[in-house]
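Worksheet: the structure to be examined is printed underneath.
In this note's numbering, the protein residues as written are -5 to 290.
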């Protein structure tokens, strides 16, 4: 859980981070946890707090319905769920429908969802002065997002980080991998990305993590970086990217650096935006609200 105190121009005055994840807060205790972590910030008479992410899920403070794409600031603001009217609200996540199986009634369109990433995307667009962008948000469930005219048009989810963890910890590959990830090996990572981009399936390339170790082609300490490259490379291989494509990468420094490196191996330019995107997005959403409604 992270929070930032912003001044009346949107500048970050203070940031706080806590170990409280969604599953560590029991039902009915969200208000007390919030008060303990950020209650002093809310003492100001004109204080406004917007929250995004899994706090609006079924397991969160309040379940907030998804807002369908395409969506921009107007749709987001209209679909805020107020915990405390005029002072404390939860930003809705987004949903979209992607092409599926044309001749199957139930699978013609496949739903996808996000919570929290929409705020980061809006913030990145504000910070970079963009109205249109192709963006990726790396993580447990990576999101590839198409934004046009300042609105999120569509997106798709890739379980990249989760697949890495599953293969890293619970597959036969775990017997070859060292206990810890150790230092990042850029050469091994690049090798993994390159093989993935030239192959047809991760189901086949993943096993090379084991065989390269068996035949002493790669040292054990390089294998986590190699496997990371394979999986991120597989994600990139699945993208339809134009020759002149430019990608905005939003997220932590560690992951955005890897994605920028992987995209360069595919001859795709990119730029990175960090955690400041979240605060810029929440600030931008707040600016769309009716001042007469706030702090009544």
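Cβ atoms here follow ideal geometry from the backbone N, Cα and C, with glycine treated the same way.
Asked, Found
"Suppose contacts are defined by Cβ-Cβ distances below 9 Å. Is residue 279 in contact with residue 71 by that definition?", "yes"
"So residue 187 is in the alpha helix (DSSP H); what residue range does that whole segment cover?", "180 to 192"
"Taking contact to mean 3 or more Cβ pairs, one atom from each stretch, closer than 8 Å, check whether the segment 80 to 90 and the segment 26 to 46 are in contact.", "yes"
"Note down, in chain order, each residue of its chain lying with its Cβ closer than 8 Å to the Cβ of residue 57, except the 5 sequence neighbours on either side.", "50, 51"
"Beta carbon of residue 292, beta carbon of residue 150: below 9 Å?", "Residue 292 falls outside the range modelled here, since the chain spans only -5 to 290, and no answer is possible."
"Can residue 300 and residue 144 be called in contact, C-beta distance under 9 Å?", "Outside the displayed range of the chain (-5 to 290) lies residue 300, so it cannot be described from this structure."
"With DSSP collapsed to three states, give me the class of residue 36.", "helix"
"Would DSSP call residue 75 helix, strand or coil?", "strand"
"Would the segment 246 to 260 count as touching the segment 95 to 102 if we require 3 or more Cβ pairs under 8 Å?", "no"
"From 215, 156, 196, pick the residue whose C-alpha is nearest to that of residue 171; which is it?", "215"
"Alpha carbon to alpha carbon, how far is residue 35 from residue 139? Give it in angstroms, no decimals.", "33 Å"
"Thinking just about the alpha-carbon of each residue, which of 200, 129, 186, 107 is nearest to the one in residue 268?", "129"
"Assign residue 147 to one of three DSSP states: helix, strand, or coil.", "strand"
"Alpha helix (DSSP H) containing residue 127: first to last residue?", "Note, residue 127: premise wrong, no alpha helix (DSSP H); beta strand (DSSP E) at 127 to 131."
"Our contact map puts residue 113 next to residue 272 with C-beta atoms below 8 Å; I'd like the distance itself, whole angstroms only.", "6 Å"
"Skipping 5 residues on each side, what residues in its chain have a beta carbon closer than 7 Å to that of residue 1?", "7"
"I think residue 157 touches residue 225, with their Cβ atoms under 8 Å apart; what is that distance to the nearest whole Å?", "6 Å"
"Out of curiosity, what's the CA-to-CA distance linking residue 59 and residue 109?", "10 Å"
"Based on Cα-Cα distance, which residue from 167, 260, 65, 24 lies nearest to residue 87?", "65"
"Taking Cβ to Cβ, would you say residue 133 is nearer than 9 Å to residue 190?", "no"
"What is the residue span of the alpha helix (DSSP H) that residue -2 lies within?", "That residue, residue -2, is in no alpha helix (DSSP H); its beta strand (DSSP E) goes -4 to 0."
"Taking the alpha carbon of residue 261 as the point to measure from, which residue in 277, 219, 231 has its own alpha carbon closest?", "231"
"Taking C-beta to C-beta, are residue 180 and residue 219 nearer than 9 Å?", "yes"
"Between the Cα of residue 265 and those of -2, 13, 118, spot the shortest distance and give me the residue it belongs to.", "118"
"What is the DSSP secondary structure of residue 55, reduced to helix, strand or coil?", "coil"
"Do you know offhand how far residue 242's Cα is from residue 178's?", "23 Å"
"Provide the residue span of the alpha helix (DSSP H) that contains residue 231, from first to last.", "217 to 231"
"Taking buried to mean at least 16 other C-beta atoms within 10 Å of its own C-beta, is residue 102 buried or exposed?", "exposed"
"If we ignore side chains and look at the alpha-carbon of each, how far apart do residue 257 and residue 263 end up?", "7 Å"
"The ligand NAD and residue 50: does any heavy atom of the ligand fall closer than 8 Å to the residue's C-beta?", "Although the ligand NAD was asked about, the structure shown includes no ligands whatsoever."
"Going by the beta-carbon positions, is the gap between residue 155 and residue 184 smaller than 9 Å?", "no"
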